[in-house]
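As structure tokens, the structure follows; a few thoughts come after it.
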Amino acid sequence: MKKAVVVGGGPAGLMAAEVLAGAGVEVHVFDAMPSVGRKFLLAGKGGLNLTHSEPPEIFVTRYGARQPQIEPLLKIFGAAELRDWAKALGVETFVGTSGRVFPKDLKAAPLLRAWLHRLRAAGVQFHMRHRWTGWSEQGDPGALTFATPQDPNPVRVQADAVVLALGGASWARLGSDGAWAGLLGARGINIAPLQPANCGFDVGSAGRTGWTDHFKTRFAGQPFKSVAIAFTDSQGRSFSRRGEFVATATGVEGSLVYAASSLLRDEIAAHGSATFHLDLLPDKTPERVLAEVAHPRGSRTLSSHLKSRLGLDGIKASILHELLDKNELAQPARLAEAIKALPIRLVAARPIIEAISTAGGVPFEALDEHLMLKQLPGVFCAGEMLDWEAPTGGYLMTACFASGRWAGQGVLRWVGREEG
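Letter 73 of the sequence shown, counting from 1, is numbered 73 in full-length UniProt numbering, and no numbers are missing.
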């Protein structure tokens, strides 16, 4: 019987294990943590957004420059297949108002339990608290070493094929710390630098990083709701969308910011800062806003005037005072312009350990069409450790599942057990 080792117990690794065990391969899953699926379970705290219901031709565009590499994987195992797979495990799904797809009970644990039960029944063997440390023999890609808390000596494992599904470098406390980049780099694999994706940012202005103490104390953790942001980078790439995001102690984060994060991050890396424009009242035209701002306010304060005429109060009103000086606030035309397009200058992405996901990793150019490393025959890669990124909304999870399935099928071809 052929033997395959899967390193990493997240969705990509477990899906590869399922494909392999189903074809009669002896499968061993190794993970550095005490249990598998820890980041998967964390995603369950937000309801477990498994995938998205939008049409496939739109879905695939969410992977940006890596669409050509991800699209074939999704044609084999996309959103519809993922929902059918969950149903076969006894987990019904539903489409939320935003088009996102969730389990009906909004929980990850029942799905993971059912999946692990099926994997163990298929013969998959799990080895917890085994941290991959590289290869025991330079010339043998199937000769792996692991460190364990119980044994001071490396644990040596021999396999006919290997699937690496080690995640990115966000949420290191859950197991994905990016340490694998050094191990692959030492074997001549040119790893694209790991960067934060779906991340928050620090704001900055002349001579200061972050908000003023007054704004931070009052509004850190407060949401900007029913707003829109627009951004065009130095290469002419544009982003414009409505939604919401949150003020943090140092800047901004949340779904609307995450959706633009790749463009914002790359612009900061290239030019030191990135400025998006915030529309505080996307339902009102610039002409309407100007008319209301210019309306005589008599003895009322500016704050009460904006609240009465435009419904602007709380964090939306306060950010105008945070970023405009008294002279600008006193000019109706300038104030109205700021309400519809307030510049928010970002100076740094938050550290990768805080990010939802990771960009960078193993380039597809280093892999063959079956996700096998060209320089390490028999070693396949899957999941977030590949060099791709996508926004939140189910796209990350779907591509991780799909790449794990694709890599598993690649292993079957390699060991002569191709499904067919």
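For each residue, glycine too, the CB sits at the ideal point set by N, CA and C.
In this text, all values refer to a predicted model and were calculated from it rather than measured experimentally.
Excluding residues up to 5 positions away in sequence, Gln69 lie with their Cβ nearer than 6 Å to the Cβ of Phe364 in the same chain. In this structure, the beta-carbon distance from Val6 to Ala165 falls below 8 Å.
Take Glu354, set aside five residues on each side of it, and the residues of its chain with a beta-carbon closer than 8 Å to its own are Ser170, Pro196, Cys199, Gly200, in chain order. Between the stretch 77-97 and the stretch 50-61, the count of Cβ pairs shorter than 8 Å is three or higher; the stretches touch. With respect to the 8 Å criterion, Gly404 and Gly9 are not classified as neighbours on the basis of their beta carbons.
For the pair Ala341 and Ala220, the Cα-to-Cα distance works out to about 21 Å. Note that the C-beta distance between Gly175 and Asp31 is below 8 Å. Excluding its 5 nearest sequence neighbours in each direction, Ala407 has C-beta neighbours in its own chain below 6 Å: Ala16, Val163, Leu371, Phe380, Ala382, listed in chain order. The C-alpha of Gly416 is placed about 27 Å away from the C-alpha of His117.
Take the alpha-carbon of Phe231 and the one of Val289: they are about 21 Å apart. CA-CA distance, Ala179 to Asp313, rounds to 46 Å. For Gln409, the uninterrupted alpha helix (DSSP H) segment begins and ends at 395-415.
Cβ-Cβ separation between Phe276 and Ile344: approximately 5 Å, consistent with a contact (criterion under 8 Å).
Contact annotation: Pro282 and Ala228 have beta-carbon atoms nearer than 8 Å. In the DSSP annotation of this structure, the continuous segment of the beta strand (DSSP E) that includes Pro223 starts and ends at 223-232. In terms of Cα proximity to Cys400, the closest of Thr212, Arg156, Val411, Thr358 is Thr358. Per DSSP, Glu354 lies in no beta strand (DSSP E) and is assigned neither H nor E. Taking Ile268 as reference, the option from Trp85, Ala21, Asp233 with the minimal CA-CA separation is Asp233. Pairing Leu194 with Gly361 gives a Cβ-Cβ distance under 8 Å. As far as DSSP is concerned, Trp115 takes part in no beta bridge. Approximately 11 Å separates the beta-carbon atoms of Ala336 and Leu320; this is outside 8 Å, ruling out the contact. In the structure shown, Ser170 falls within a coil segment according to DSSP collapsed to helix, strand and coil. By the criterion of a C-beta distance shorter than 7 Å, Leu280 is surrounded in its chain by Val227, Leu312, Lys316, Ile339, Leu342, once the five residues flanking it on both sides are discounted.
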